[in-house]
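Note sheet for the following structure.
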Amino acid sequence: MSDPEPCRIKQEETEELIDVVVKEESEELSEDEEKHVKSENETHTNTEHRCTCTQCGKSFGRKYGLIVHMRIHTEKKPYKCSRCDKRFSKSKHLRAHKKIHTGEKPHHCIDCGKSFRDTFTLQRHAKQFHEMTESMKVHLNVRTKMKGFLCSLCGKSYSCRNSLKIHQMIHTGEKPHKCLHCGKSFSQLHTLKAHESIHTGEKPYTCSQCGKRFRQPSNLYQHKMIHTGEKPYTCTQCGKSFRQSSNLHQHMIVHTADKTHECDQCGKTFSTLSVLRIHLRVHTKEKPYSCSECGKSFTVQSQFTAHQKMHTGVREFVCSECGKTFITAGGLKQHQMIHTGEKPFKCSHCDKSFGRLQKLNIHQRIHTGDKPYTCTQCGKSFSHSPSLHHHLLIHTGEKPHKCDQCGKTFSRLPGLKDHLRLHTNEKPYSCSECGKSFTSRLYLRRHQKVHTGVSE
1 MSDPEPCRIK QEETEELIDV VVKEESEELS EDEEKHVKSE NETHTNTEHR
51 CTCTQCGKSF GRKYGLIVHM RIHTEKKPYK CSRCDKRFSK SKHLRAHKKI
101 HTGEKPHHCI DCGKSFRDTF TLQRHAKQFH EMTESMKVHL NVRTKMKGFL
151 CSLCGKSYSC RNSLKIHQMI HTGEKPHKCL HCGKSFSQLH TLKAHESIHT
201 GEKPYTCSQC GKRFRQPSNL YQHKMIHTGE KPYTCTQCGK SFRQSSNLHQ
251 HMIVHTADKT HECDQCGKTF STLSVLRIHL RVHTKEKPYS CSECGKSFTV
301 QSQFTAHQKM HTGVREFVCS ECGKTFITAG GLKQHQMIHT GEKPFKCSHC
351 DKSFGRLQKL NIHQRIHTGD KPYTCTQCGK SFSHSPSLHH HLLIHTGEKP
401 HKCDQCGKTF SRLPGLKDHL RLHTNEKPYS CSECGKSFTS RLYLRRHQKV
451 HTGVSE
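All letters in the sequence shown, in the order written, are residues 1 to 456 by my numbering.
This is the structure in structure tokens:
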């Protein structure tokens with residue numbers, strides 16, 4: 001007897017089933033019903049045909065599982081938040097999201113008492129900051145509703161036998177699914193299929209905003225945040241946000257880890273050697289990332305990547321308030337604070353607030369007297385690097401900014417801009433006392449002394 005043909009659902013079939021799916025997923029079941037559905041599902045997983053996605057080849061034991069999966073390709077999000085209109089493909093994701101609005105944090109750490117919105121964040125917190133004692137393991141198992149199929153080797157639990165079987169391959173090292181192209185083996189079939197796309201070049205997941213294609217849905221999900229500017233993972237210490245939890249985890253080291261790596265130039269300390277190496281470029285003036293279009297060089301790669309978009313003209317981040325466009329998501333987020341008036345970074349010395357942490361750090365040097373940027377020519381020190389850069393032009397005599405009207409050169413761009421107003425006759429700085437206008441702010445300040453009686 002030949003094997004039965006696996007069931008397949010085409011993309012258009014999901015249109016007809018979507019209303020049924022929403023009803024099925026949103027209905028609450030009693031404990032007896034949940035037990036019945038669980039045992040029935042396990043039976044069907046072993047006996048029913050596998051249902052295969054025609055888009056990416058991933059297969060499921062139940063037709064419903066495939067229908068939910070198809071939302072990755074169709075981008076359907078039937079579950080809508082009534083507070084902020086954000087949409088989700090699964091009802092459980094909506095339920096988790098709603099806790100952001102209600103402030104509900106029902107999951108507590110038994111060691112420090114800190115509360116969390118979901119069990120995943122609680123588990124991550126426990127593993128990162130606390131010792132995994134037996135009492136902690138029991139607590140986490142209770143909080144995550146310990147499931148019926150338990151791994152005898154590590155104690156992890158699963159809701160069905162098949163999931164446990166797949167998990168146990170981690171301990172046995174069994175990898176039954178082999179790539180025909182390179183011989184690499186995998187424990188799960190869908191992992192093999194994702195790997196094979198490296199050889200075939202297939203990228204079935206497409207961004208609806210820019211058309212960029214991806215091999216895996218997780219990569220598409222992360223990419224979409226570039227367009228929306230969404231950064232859901234926020235540091236509780238300094239307010240900095242990240243698109244990925246792994247980036248937040250890496251960032252947290254800045255706050256929690258000992259800063260054992262000291263700069264031998266200025267004494268500043270860092271938590272990791274890699275960050276110290278990047279910092280040292282401030283002193284060595286090393287800028288390893290060079291633009292092939294204009295020759296401008298950068299200290300860090302993120303600045304270089306952002307700069308390259310200036311040449312391509314791509315400004316994919318749009319402000320919903322005024323329509324202004326930006327090259328980076330960070331630029332958009334920073335701009336939006338103009339509309340909201342938000343200034344989350346407050347100086348502990350004078351109560352002045354700032355929209356950016358970097359500006360707060362620079363401002364605080366006024367109070368501390370810290371001047372970490374020193375001129376190698378004359379020894380003069382400065383509180384931030386642009387001031388040092390401008391000062392160095394005095395020693396080099398360099399005047400890179402040239403007037404295209406008369407050929408006069410300037411060491412600083414603001415100087416050139418003020419000069420150009422002599423040609424255009426533009427006078428944007430007006431005296432509030434008498435209405436007289438000037439080409440530069442400096443000339444206005446000099447004039448205002450006539451009214452105040454302050455002598456030169």
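Every residue, glycine too, gets a C-beta built ideally from N, C-alpha and C. Computed from a prediction, not measured in an experiment: that's the story for all the values here.
Can you tell me whether residue i is buried or exposed, with buried defined as 16 or more other CB within 10 angstroms of its CB?
i	result
residue 450	exposed
residue 372	buried
residue 107	buried
residue 286	exposed
residue 273	exposed
residue 446	exposed
residue 180	exposed
residue 53	buried
Looking at the strands, I want to know which residues DSSP matches up with residue i.
i	result
residue 108	115
residue 186	177
residue 262	269
residue 318	325
residue 87	80
residue 59	52
residue 297	290
residue 150	157
residue 409	402
residue 64	Paired residues: none, contrary to the question.
How big is the Cα-Cα spacing for residue i and residue j?
i	j	result
residue 406	residue 421	12 Å
residue 69	residue 57	11 Å
residue 353	residue 201	50 Å
residue 440	residue 332	30 Å
residue 268	residue 384	14 Å
residue 246	residue 426	51 Å
residue 75	residue 278	40 Å
residue 166	residue 190	12 Å
residue 452	residue 363	29 Å
residue 388	residue 209	42 Å
residue 381	residue 284	16 Å
residue 193	residue 135	40 Å
residue 97	residue 230	14 Å
residue 414	residue 89	51 Å
residue 301	residue 289	6 Å
residue 325	residue 315	6 Å
residue 356	residue 412	25 Å
residue 66	residue 298	47 Å
residue 158	residue 250	29 Å
residue 410	residue 336	34 Å
Is it true that the CB of residue j sits closer than 8 Å to the CB of residue i?
i	j	result
residue 317	residue 305	no
residue 431	residue 444	yes
residue 233	residue 216	no
residue 419	residue 402	no
residue 462	residue 248	Coverage of the chain is limited to positions 1 through 456, which leaves residue 462 absent and any answer about it impossible.
residue 303	residue 291	no
residue 150	residue 171	no
residue 101	residue 83	yes
Give a single yes or no on whether residue i has its beta carbon closer than 7 Å to a heavy atom of the ligand COA.
i	result
residue 182	The ligand COA is absent from the structure shown, which contains no ligands of any kind.
Every unbroken alpha helix (DSSP H) within the segment 199-241, with a cutoff of 4 residues, ordered by chain: 217-228
Length at least 4, wholly inside the segment 318-388: the alpha helix (DSSP H) runs in chain order: 329-340 and 357-368
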